[in-house]
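From first to last, the protein sequence lines stand for chains A and B. The opening residue of the first sequence carries number 20 in this note's numbering; numbering runs sequentially from there. The opening residue of the second sequence carries number 106 in this note's numbering; numbering runs sequentially from there.
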Amino acid sequence: MLNNFLFVGFPYVALALAIVVSILRFTWRPFSYSSLSSQFLETEALFWGSSLWHWGILWVLSGHLFAFFLPEAILAWNARPLRLYLLEITGLSMALLALVGVVALIIRRFTDKRVKVVTSPLDLVLLTVLLYQVSSGIDVAIRYRWGSSWFSTNAAPYLWSLVKCSPRPEFITPLPWMVKTHFLSGFLVILLIPFTRLVHFLVVPIHYFWRRPQVVIWNRRGRR
Amino acid sequence: MDIRSQVAMVFHLDKCIGCHTCSVACKNVWTDRKGADYMWWNNVETKPGTGYPTQWENQQEYKGGWVVKDGKLQLRLTSKGKFLQKIFHQPSMPTMDEYYEPWTYRYEDLFTGPEQDDQPTAIPISKVTGEYIDIESGPNWDDDLGGSTLYARNDVNLEALTEEQRLQLLSIETLVMFYLPRICNHCANPACVAACPSGAIYKRGEDGIVLVNQNVCKGWRYCVSACPYKKVFYNWSTGKSEKCLLCYPRVETGQAPACFHSCVGRIRYMGVLLYDADKIEAAGLKSDAELVTAHRDLLADPNNPTVVASAIKNGISDQVLKAARNSPVYQFVKEWGLALAPHPEYRTFPSLFYVPALGPVTYSVEDGVALNPTSVDEIFAPLDQARLPMAYLANLFGAGQEAPVRYAMKKMMAIRTWKRAQTVGDVDMTLALAGLRAADCTPEQAEAIYRLTSLCTFEQRFVIPPSHREQAVEVLTNPLERKGAAGFGFREEPQRGF
Ligand code: HEM
Ligand code: SF4
Ligand code: SF4
Chain A
20 MLNNFLFVGF PYVALALAIV VSILRFTWRP FSYSSLSSQF LETEALFWGS SLWHWGILWV
80 LSGHLFAFFL PEAILAWNAR PLRLYLLEIT GLSMALLALV GVVALIIRRF TDKRVKVVTS
140 PLDLVLLTVL LYQVSSGIDV AIRYRWGSSW FSTNAAPYLW SLVKCSPRPE FITPLPWMVK
200 THFLSGFLVI LLIPFTRLVH FLVVPIHYFW RRPQVVIWNR RGRR
Chain B
106 MDIRSQVAMV FHLDKCIGCH TCSVACKNVW TDRKGADYMW WNNVETKPGT GYPTQWENQQ
166 EYKGGWVVKD GKLQLRLTSK GKFLQKIFHQ PSMPTMDEYY EPWTYRYEDL FTGPEQDDQP
226 TAIPISKVTG EYIDIESGPN WDDDLGGSTL YARNDVNLEA LTEEQRLQLL SIETLVMFYL
286 PRICNHCANP ACVAACPSGA IYKRGEDGIV LVNQNVCKGW RYCVSACPYK KVFYNWSTGK
346 SEKCLLCYPR VETGQAPACF HSCVGRIRYM GVLLYDADKI EAAGLKSDAE LVTAHRDLLA
406 DPNNPTVVAS AIKNGISDQV LKAARNSPVY QFVKEWGLAL APHPEYRTFP SLFYVPALGP
466 VTYSVEDGVA LNPTSVDEIF APLDQARLPM AYLANLFGAG QEAPVRYAMK KMMAIRTWKR
526 AQTVGDVDMT LALAGLRAAD CTPEQAEAIY RLTSLCTFEQ RFVIPPSHRE QAVEVLTNPL
586 ERKGAAGFGF REEPQRGF
């Protein structure tokens, strides 16, 4: 019962809210979409915090996505121990970067007078959840080896079962609690996306790569 | 040929008295809000000085504007391939410390202070944190050369000067300064637009005003770094960038922008410039030495039939073309060669031009009495002995080239001398006329310049083209639909986040 609620109900609710609210927010309150950068108020601690956090988390996140979409490829790669160690060590070091980054960001939020002014309660909730997400991930990676392999055999099938609308939580219910909380806080992050500044990574401006350098808008008919 | 119309500006620095009325007019209308409190879309700097934000002209530091790299025009800040590297933290973006921390005073203390021996004071408090603040800088902290050893001495444009010249510039007997009022230049090749990854900043096709779409801006802050004039500002409260909008609601209704309208020295002119958008890239690739000419070549003659034909093809109306033919800006920039764009080497092709300020009139004094001048050279010191070295002005207005600055200064000095011969009569008229000729100026032109400089009316200073918003509105929405409603547009509280 509890398992069904936590690992079937909750993820669906989180994902549904994330999609619906993000779209509604984008159409009804586009002004609220922003990275809410605070670099203008404080730049040095942000350099360390933001750079380490983002580079770390983006690599880790890509790793998770890769294992989700191509679990067999990961298993094939991990067939040789040396390659397995290489993957695990890379992943772990990226996670450590993110950890240092998010800790720096949290310290910055509490110590800089000006940054405090633009810190909302939700900012702190988000940073705390992210801190938990990264540290639980590191803990799991160290204690329950080898994550990259069992992600492909357990987590990926479970997540796919959610995607295919035939949820099979039994793939992960036997896993240790620490691992399960890592899942839960992951869903919590998804839930937080539409309500916090996390919307910023939904609107990463990749169209910059192909747009023309100058933007000219004509009000009258007949012109671009 | 792709002729476009641009609402352009001239600031006549010889007339600016440094009163900051323009800045206050702008502040009261647009930036008196939380998060925008530190912004001065219009600010007035004392030159030599470091300006606002401090040392904004130092592009080694701030990486603003365009450079020619591998034969191509590129942003100094970033390129398409590499822009994501800097998105998490902008290495060259100025922070609040480079502008100043805005403050107010706790005035209520004056009324609520307890009974005591001393008068109560209103202590300064930060507008960001609300706490007591020890004020260390402001938007015009070096006004009138205050703290010149720290500020004027570190003016980026002094680069080309010898140590001796620098000392002379700042020694008390030969001290010199002028004011530089600055707004967004609404450039023809804006670096802010090109740098914005979201595409939130755009140039309006009809009048060339550069605006930030507040709904599209995501706070990636590339524009702040990329604008070499530091005229895009980051609103620290809403997380969006904002900039001078040239008071477009006023311009659309035929009124001059607030800073123009309120200008006490009447230094500001506004008029239409037609320019050929097809030529911009080629002009940007020119060497520093050719830039002033290349920029002037971009500007098209509104009396030329081919230009007019192309303008009409682009939908530019007859009234706008008429305004272009009466444009004071066209006269100052193109016909007379008096007005120069600031830092053309940034290659954004500003639509704001400055008539440089002359040095002080000189007198010889005998026994404490000022003598009337006996020769033309005695009214103004010759340019090579001017207190403000030409090399300095050349760095500011000529991409390092002295020739265009000298041309403008010589002409203005010749006109002043000629007028003096006419009205005061203590200068020999033949000498004055020879001076005009040497400065490439006919008496007719001199008279026209004199009139537009000194006797200009509101209508002559501001030749504002009609915006034809009536046509635009019909495209966007049915006007009758909103009849009796509160209007349309962006009507949302500038609230941070969700
Ligand atoms: C390519 C994708 C991303 C881009 C371009 C990006 C960009 C940014 C930017 C510009 C900021 C503002 C930094 C400042 O204050 O100046 C920011 C802040 C932040 N980002 Fe991202 N981000 C991305 C992905 C992510 C992801 C995947 C996460 C988390 C799952 C994330 C979490 C955060 C957090 C928590 C902050 C707030 C930091 C703070 O000020 O305390 N970002 N991001
Ligand atoms: S001066 Fe104005 S138009 Fe030009 S680059 Fe700066 S903000 Fe953009
Ligand atoms: S209002 Fe006019 S005269 Fe006064 S500082 Fe501004 S530009 Fe100069």
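All C-beta atoms in this analysis are idealised placements derived from N, C-alpha and C, irrespective of residue type, glycine included. All figures in this text were calculated on a predicted structure; none of them were measured in a lab.
- The closest CA to that of Y205 (chain B), considering only B:I372, B:G243 and B:H573, is found on B:G243.
- Using a CB distance cut-off of 8 Å, K308 (chain B) counts as an interface residue toward chain A.
- Y339 (chain B) and A130 (chain B) have their C-alpha atoms roughly 20 Å apart.
- Note that the stretch 321 to 335 of chain B does not touch the stretch 478 to 498 of chain B; fewer than 3 beta-carbon pairs, one per stretch, sit closer than 8 Å.
- Its Cα nearest to that of G344 (chain B), the residue A:P49 stands out among A:P49, A:G166 and A:V119.
- Among the residues facing chain B, V222 (chain A) is included, as its CB has a counterpart in that chain under 8 Å away.
- Counting C-beta atoms within 10 angstroms of its own C-beta, V474 (chain B) has fewer than 16 neighbours from the protein chains shown and is therefore classed as exposed.
- Exclusion of the five residues before and after T155 (chain B) leaves D247, Y256, N259 and D260 as the residues of its chain whose Cβ lies within less than 7 Å of its Cβ.
- Contacts between K185 (chain B) and chain A, judged by CB atoms closer than 8 Å, involve Y227 and F228 in chain order.
- Where N500 (chain B) is concerned, the enclosing alpha helix (DSSP H) starts and stops at M495 to F502.
- Ligand 2 never approaches N147 (chain B) closely enough for any of its heavy atoms to be under 7 Å from the residue's Cβ.
- W523 (chain B) carries a helical assignment under DSSP once its states are collapsed to helix, strand and coil.
- Q490 (chain B) carries a helical assignment under DSSP once its states are collapsed to helix, strand and coil.
- If you check the C-beta of L34 (chain A) against ligand 1, you find no heavy atom less than 7 Å away.
- Distances from the CB of I125 (chain A) to the heavy atoms of ligand 3 are all 7 Å or more.
- Neighbours of F188 (chain B) in chain A, taken as residues whose beta carbon is under 9 Å from its own, are P224, Y227 and F228 in chain order.
- F193, H194, Q195, M198, T200 and M201: these are the residues of the stretch 190 to 218 of chain B whose beta carbon lies less than 7 Å from some beta carbon of chain A, given in chain order.
- Ordered along the chain, residues surrounding ligand 2 are B:C289, B:N290, B:H291, B:C292, B:P295, B:A296, B:C297, B:V315, B:C332, B:Y334, B:K336, B:V337, B:K348 and B:T453 [Cβ under 6 Å from any heavy atom].
- Neighbours of E241 (chain B) in chain A, taken as residues whose beta carbon is under 7 Å from its own, are absent, since the nearest beta carbon is some 15 Å off.
- Among the residues of the stretch 41 to 61 of chain A, those with a Cβ less than 8 Å away from any Cβ of chain B are R44, R48, P49, F50, S51, Y52, S53, S54, L55, S56, S57, Q58, F59, L60 and E61, in the order of the chain.
- In the three-state reduction of the DSSP assignment, Y205 (chain B) falls in the coil class.
- What F66 (chain A) touches in chain B, judged by beta-carbon distance under 7 Å, is H194, going in chain order.
- Under the three-state reduction of DSSP, Q190 (chain B) is assigned to helix.
- Annotated as proximal: K335 (chain B) and P158 (chain B), with beta-carbon spacing under 8 Å.
- Shortest gap from the CB of I554 (chain B) to any heavy atom of ligand 1: 7 Å or more.
- R211 (chain B) and I238 (chain B) have their alpha carbons spaced roughly 11 Å apart.
- Of all residues in the stretch 540 to 563 of chain B, none has a C-beta nearer than 8 Å to a C-beta of chain A.
- N22 (chain A) is outside the set of residues whose beta carbon lies under 8 Å from a beta carbon in chain B.
- Taking C-alpha positions only, L34 (chain A) is separated from I42 (chain A) by approximately 12 Å.
- With respect to the 8 Å criterion, R128 (chain A) and D142 (chain A) are classified as neighbours on the basis of their beta carbons.
- Its Cα nearest to that of G251 (chain B), the residue B:T151 stands out among B:G530, B:T151, B:L557 and B:N294.
- The three-state reading of DSSP puts F563 (chain B) in helix, counting H, G and I together.
- Between the stretch 21 to 38 of chain A and the stretch 108 to 123 of chain A, the count of C-beta pairs closer than 8 Å stays below three; the two stretches do not touch.
- At a cut-off of 8 Å between beta carbons, E597 (chain B) contacts chain A.
- Closest option to P571 (chain B), judged by alpha-carbon separation, among B:G310, B:K132 and B:G359: B:G359.
- With a cutoff of 8 Å on beta-carbon distance, Y284 (chain B) and V115 (chain B) are scored as not near each other.
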